[in-house]
Amino acid sequence: MQRLVATVAVITVTVVDSGQPSNDRTIVVRLGNAQNGARVDVNASVVSIIIMAHDHVAGLLGFNQTSIIASEGSSISDVYIHVDDVVLFS
Numbered sequence: 002m003q004r005l006v007a008t009v010a011v012i013t014v015t016v017v018d019s020g021q022p023s024n025d026r027t028i029v030v031r032l033g034n035a036q037n038g039a040r041v042d043v044n045a046s047v048v049s050i051i052i053m054a055h056d057h058v059a060g061l062l063g064f065n066q067t068s069i070i071a072s073e074g075s076s077i078s079d080v081y082i083h084v085d086d087v088v089l090f091s
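In my numbering, the protein residues as written are 2 to 91.
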């Protein structure tokens with residue numbers, strides 16, 4: 002009976018937040034170039050690492066205040082919207 006010896010290799014991927022909004026990104030790791038009689042299992046030779054999108058890809062919109070007091074018959078013109086996390090050029 003032939004005894005199989007397993008070798009383990011670890012690949013570490015560190016995801017660093019750039020602070021900029023971004024879409025999903027994918028890293029593909031593929032096994033290849035097996036040596037010394039080993040073969041790569043074609044059904045298990047690829048893994049995809051998906052880095053999820055930043056929470057506010059298109060920016061985060063909101064009002065500067067949560068309530069406004071107005072009298073009947075008056076008009077309101079001082080309602081401001083803030084915009085955060087918007088990338089104008091990439």
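Ideal Cβ positions, reconstructed from N, Cα and C, are used throughout, including at glycine. Computed from a predicted model, the values in this text were never measured in an experiment.
Supposed close pair residue i, residue j - CB separation, criterion 8 Å
i, j, result
"S49", "T27", "6 Å"
"V30", "I52", "That belief does not hold up - the Cβ atoms of V30 and I52 are roughly 13 Å apart, past 8 Å."
Contacts around residue i, its chain only, beta-carbon distance under 8 Å, and the 5 residues preceding and following it disregarded
i, result
"G33", "V41 and S46"
Start-to-end residues for the beta strand (DSSP E) that takes in residue i
i, result
"S49", "V47 to I52"
"R31", "R26 to R31"
Residues near residue i in its chain [Cβ-Cβ closer than 6 Å; skip 5 each side]
i, result
"L89", "A caution first: L89 carries a pLDDT of 44, below 50, which makes its placement in the model unreliable, though a value can still be read off. Closer than 6 Å at the Cβ level, and outside the excluded window around L89, lies no residue."
"A54", "N24 and D25"
"Y81", "N65"
"A71", "I77"
Sequence-distant residues of its chain with Cβ nearer than 7 Å to residue i (five each side left out)
i, result
"V14", "I28 and I50"
"S91", "In this prediction, S91 has a pLDDT of 35, which is less than 50 and means its spatial position is unreliable; what the coordinates show is noted afterwards. Excluding sequence neighbours, S91 sits near nothing in its chain."
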